[in-house]
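Residues in the sequence shown are numbered from 1205 upward in steps of one, following my numbering.
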Amino acid sequence: MNGWNVIVIGGGHAGLEAAWAAAKFARTALLVGNPATVGRMPCNPAVGGPGKSQIVFEVQALGGLMGRLADETAIHTRVLNASKGPAVQSLRVQNERDAYAERAQDVIFGHPEIEIVRGEAADLEPDGRGGWVVVTTDGRRLAARSVVVAAGTFLRGVTWYGRQSRAEGRQGEPPARFLSDPLARAGHRLKRYKTGTPPRVRADSVRFADLLELPADPHPRGFTGQPGPRAAESPTWQTHTTPETHRLIGENLHESPMYAGDIEGLGPRYCPSIEDKVVRFAHHDRHLLFVEPDGVQTSEVYLQGFSSSLPPRLQDALVRTLPGFEQAVVQRYAYAVEYDVVESTELTLGLESRRLPGVFTAGQINGTSGYEEAAAQGLVAGTAAARRAAGLETLHVSRETGYIGVMLDDLVFKGSDEPYRMMTSRVEHRLLVRQDNADERMTGLGQRLGLVGESTARAVEEKYARVAAGVEALRRQRVSGQPADALLRRPEFTLADVEALGVVLPPLGAAERESVEIRVKYAGYIERSERQLQAEARGSELSLEGMDFADLGSLSNEAREKLTRAQPLTVGQAARVPGVRHADISALLVHLRQAGGVSRET
């Protein structure tokens, strides 16, 4: 029986980050069925976008891997919502699909503290000493102090092509047949979720001249601050559905396993299939579709927005109704995949199972969707698992810290009834947690967690010292009797315009200049958001740790039940538990006041 500090099960985006983080502490095993699939991008070959780029910037600031892999294999970058405020501006990076996986494998397989173990997990057994044994289907017993399960869509996975199904975790890959059993046996409530992917079309069968070309930004951006050498090499394109597309779908809904009732899993509301779009938005005569290349030398294109579970023969006809795709040859057909997920309210904020202490879960197994959400959970779970194995204190990412904290808080205290997707609208104080200041917000936490080195933390501190000096320089200088910072707040002025009028700034890099401009232009809004956050924090940070909610007769029956199950650590977390009303929070505050835990002013 081998021994590691942490065993990570699964080599997708969650498993990659979990292994990468855990290996910063001690010896780690990555258990995968087929090492050639590690780091694969099974859906769209892209990273980032609204609500997601913010996560990747935070993962990068915490010492994670995704931003680096995305930048190194980028072929197209664009800042989305560039004309809007900084709270919703989002970087999206198109990647060379195969190169992304190859680069991920180079990094993980070459890591001296990560051992690749090939096999399928069949069971989890306690070792009697606070650790775990992962039993494989061929009878091996792999021991570790902590285990991270990052099984993606593979737990009892079933793929659907029309009314036909087969046991798969994704196209051509076997499911995880047995790992649901130990989770259910321990008392975890398992749910069935569903997601899907669009068809891939041979690029040489598409008439790109008939599509709307979307060029990359001329000055590429990156998650690491160093965009890759080919980051502006390829455009993407846009097409749309037609009345003929909608007619074919409407006439063949009975061929869809979702509409025929074959699939019991709940699908994502915010990423619906093309069938769902046509039915739910029948008043629209077209839906935009994005045509994304899988590499610089494009052999396939990905039809973003055309997810489907209709049978292949119908997919051929449907794709050929799209402008530019009249002669299209589908190389890989769309499919839906149905799989098991755990009830995320049965986890801690470190993504540790409350039923199986020392077992952590990350990624789609927790009911989320998306590469970025999976990577962030992998980083959190891998770090928490490694710190537990090393006997170190648990540190949590709070909701106020940023997008990762919001996601964890939502999953643990609200749960999900469909695949969870991160969006800017979920973040209450998004002007304070932008993608441009992720390093300022998260690097210190990364250092305390043991993920970020002293030199990196010092470089970030020095960066924001230069930013503060730039802001102060604008405040001190005047143009025609007016403070330069007040001039910059005018919508028509940029930092370059102010400099052209004679204002002198200290030497600043491009990212530092952007930070100076945002801080000055949005100073009033930022200060208002900070005051709101502080006011909320005075009450929400009060501790509930160790409280027996079942004994609080002033709570509603539903609140007692929900709070006992969720075990929130603070009043703020309790307020976000579904079923807990404002009156219940007032009752908690009264109880804390009577117990001497809060002043009347709060």
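Where a beta carbon is used, it is the ideal one built from N, C-alpha and C, also for glycine.
Here's the rule: buried if 16 or more other CB atoms are within 10 angstroms of the residue's CB, otherwise exposed. What is residue i?
| i | result |
| --- | --- |
| R1393 | exposed |
| T1445 | buried |
| Q1501 | exposed |
| Q1167 | Lying outside 1205 to 1806, the shown extent of the chain, residue 1167 is not represented and no answer is given. |
| Q1686 | exposed |
| P1330 | exposed |
| N1206 | exposed |
| T1598 | exposed |
| L1615 | buried |
| H1217 | buried |
| Q1368 | exposed |
| K1288 | exposed |
| A1580 | buried |
| N1209 | buried |
| L1266 | buried |
| S1684 | exposed |
| L1748 | buried |
| G1373 | buried |
| F1529 | buried |
| V1212 | buried |
| L1415 | buried |
| G1332 | exposed |
For residue i, which option in the options has the closest C-alpha, if you only look at C-alpha atoms?
| i | options | result |
| --- | --- | --- |
| A1225 | Q1264, G1237, S1719 | Q1264 |
| Y1668 | R1680, R1645, Q1651, G1426 | R1645 |
| L1653 | H1600, A1688, R1344 | H1600 |
| V1297 | P1497, F1753, Q1681, L1691 | P1497 |
| R1451 | R1490, E1731, A1579 | R1490 |
| P1431 | L1295, T1552, R1484 | L1295 |
| G1469 | D1414, P1424, K1481, T1357 | T1357 |
| D1385 | K1395, D1310, Y1729, V1656 | K1395 |
| S1620 | L1551, I1478, E1479 | L1551 |
| T1340 | A1435, L1328, E1577 | L1328 |
| R1338 | L1387, I1730, N1641 | Note that residue 1338 is Val in the sequence shown here, rather than Arg. The candidate whose alpha carbon is nearest that of V1338 is L1387. |
| G1334 | V1362, D1755, A1348 | A1348 |
| N1248 | N1299, H1488, M1462, L1691 | N1299 |
| Q1309 | M1270, R1406, P1695 | M1270 |
To the nearest angstrom, report how far apart residue i and residue j are at their CA atoms.
| i | j | result |
| --- | --- | --- |
| V1534 | F1229 | 46 Å |
| M1611 | K1618 | 10 Å |
| W1441 | E1417 | 4 Å |
| R1345 | R1592 | 21 Å |
| E1665 | E1734 | 21 Å |
| R1812 | R1732 | The first residue shown for the chain is 1205 and the last is 1806, placing residue 1812 beyond what the model contains. |
| T1660 | A1227 | 18 Å |
| F1382 | L1560 | 17 Å |
| S1803 | G1562 | Reliability fails at S1803, whose pLDDT of 46 lies under 50, so the model's placement of it is uncertain and the value that follows must be treated cautiously. Approximately 38 Å, taken between the alpha carbons. |
| E1805 | I1478 | Low confidence applies here, because E1805 scores a pLDDT of 43, under 50, leaving its location unreliable; read the following figure in that light. Computed Cα separation, rounded: 53 Å. |
| P1714 | L1699 | Sequence inspection shows Ala at residue 1714; the Pro mentioned does not correspond to that position. Distance between the alpha carbons of A1714 and L1699 is about 11 Å. |
| L1284 | R1769 | 40 Å |
| R1638 | D1520 | 42 Å |
| R1662 | T1565 | 32 Å |
| L1773 | A1589 | 20 Å |
| E1262 | Q1531 | 43 Å |
| E1556 | L1518 | 44 Å |
| G1471 | V1483 | 15 Å |
| R1425 | T1281 | 7 Å |
| L1492 | V1505 | 16 Å |
| G1214 | L1553 | 21 Å |
| G1595 | R1389 | 27 Å |
Exercise for the section: Would you check if there are 3 or more beta carbon pairs closer than 8 Å linking the segment 1252 to 1266 to the segment 1622 to 1629? Expected result: Yes, the segment 1252 to 1266 is in contact with the segment 1622 to 1629.
Practice task
Decide if the segment 1545 to 1560 is in contact with the segment 1233 to 1240; the criterion is three or more beta carbon pairs, one per stretch, under 8 Å apart.
Solution key: no
Problem - the segment 1739 to 1753 / the segment 1766 to 1779 touching (three or more Cβ pairs under 8 Å) - result: yes
Problem - Any 3 or more C-beta pairs closer than 8 Å across the segment 1237 to 1245 and the segment 1312 to 1332 - result: yes
Exercise for the section: Indicate whether the contact test is met: 3 or more Cβ pairs, each with one atom in the segment 1450 to 1469 and one in the segment 1605 to 1621, closer than 8 Å. Expected result: no
Practice task
Evaluate contact between the segment 1516 to 1532 and the segment 1567 to 1578, counting only Cβ atoms and requiring at least three cross-stretch pairs below 8 Å.
Solution key: Counting Cβ pairs under 8 Å, fewer than three are found: no touch.
Handout entry: Start-end ranges of the alpha helix (DSSP H) lying completely within the segment 1329 to 1407, minimum 4 residues
Key = 1384 to 1389
Exercise for the section: Identify every run of the alpha helix (DSSP H) within the segment 1301 to 1327, keeping only runs that are complete inside it and at least 4 residues long; order them along the chain. Expected result: 1301 to 1313
Problem - Length at least 4, wholly inside the segment 1647 to 1722: the alpha helix (DSSP H) runs in chain order - result: 1658 to 1680, 1688 to 1692, 1699 to 1704
Exercise for the section: Decide if the segment 1395 to 1402 is in contact with the segment 1504 to 1515; the criterion is three or more beta carbon pairs, one per stretch, under 8 Å apart. Expected result: yes
Handout entry: Touch test, the segment 1666 to 1682 against the segment 1707 to 1714, Cβ-Cβ under 8 Å, three pairs minimum
Key = Segments in contact, yes.
Practice task
Could you tell me whether the segment 1579 to 1591 touches the segment 1347 to 1354, using the rule of 3 or more Cβ pairs below 8 Å?
Solution key: With the cut-off at 8 Å, the segment 1579 to 1591 and the segment 1347 to 1354 touch.
Problem - Inside the segment 1550 to 1616 only - alpha helix (DSSP H) runs reaching at least 4 residues - result: 1575 to 1593
Problem - Within the segment 1409 to 1478, ranges of the beta strand (DSSP E) (whole runs, at least 3 residues) - result: 1416 to 1418, 1440 to 1444
Problem - Touch test, the segment 1272 to 1280 against the segment 1419 to 1431, Cβ-Cβ under 8 Å, three pairs minimum - result: yes
Practice task
Jot down the residue ranges of each uninterrupted beta strand (DSSP E) in the segment 1494 to 1533, minimum 3 residues, whole runs only, in chain order.
Solution key: Qualifying beta strand (DSSP E) stretches, in chain order: 1504 to 1508.
Practice task
Identify every run of the beta strand (DSSP E) within the segment 1242 to 1303, keeping only runs that are complete inside it and at least 3 residues long; order them along the chain.
Solution key: 1250 to 1252, 1278 to 1284, 1294 to 1299
Practice task
Entirely within the segment 1763 to 1791 and at least 3 residues each: give me those beta strand (DSSP E) ranges in chain order.
Solution key: none
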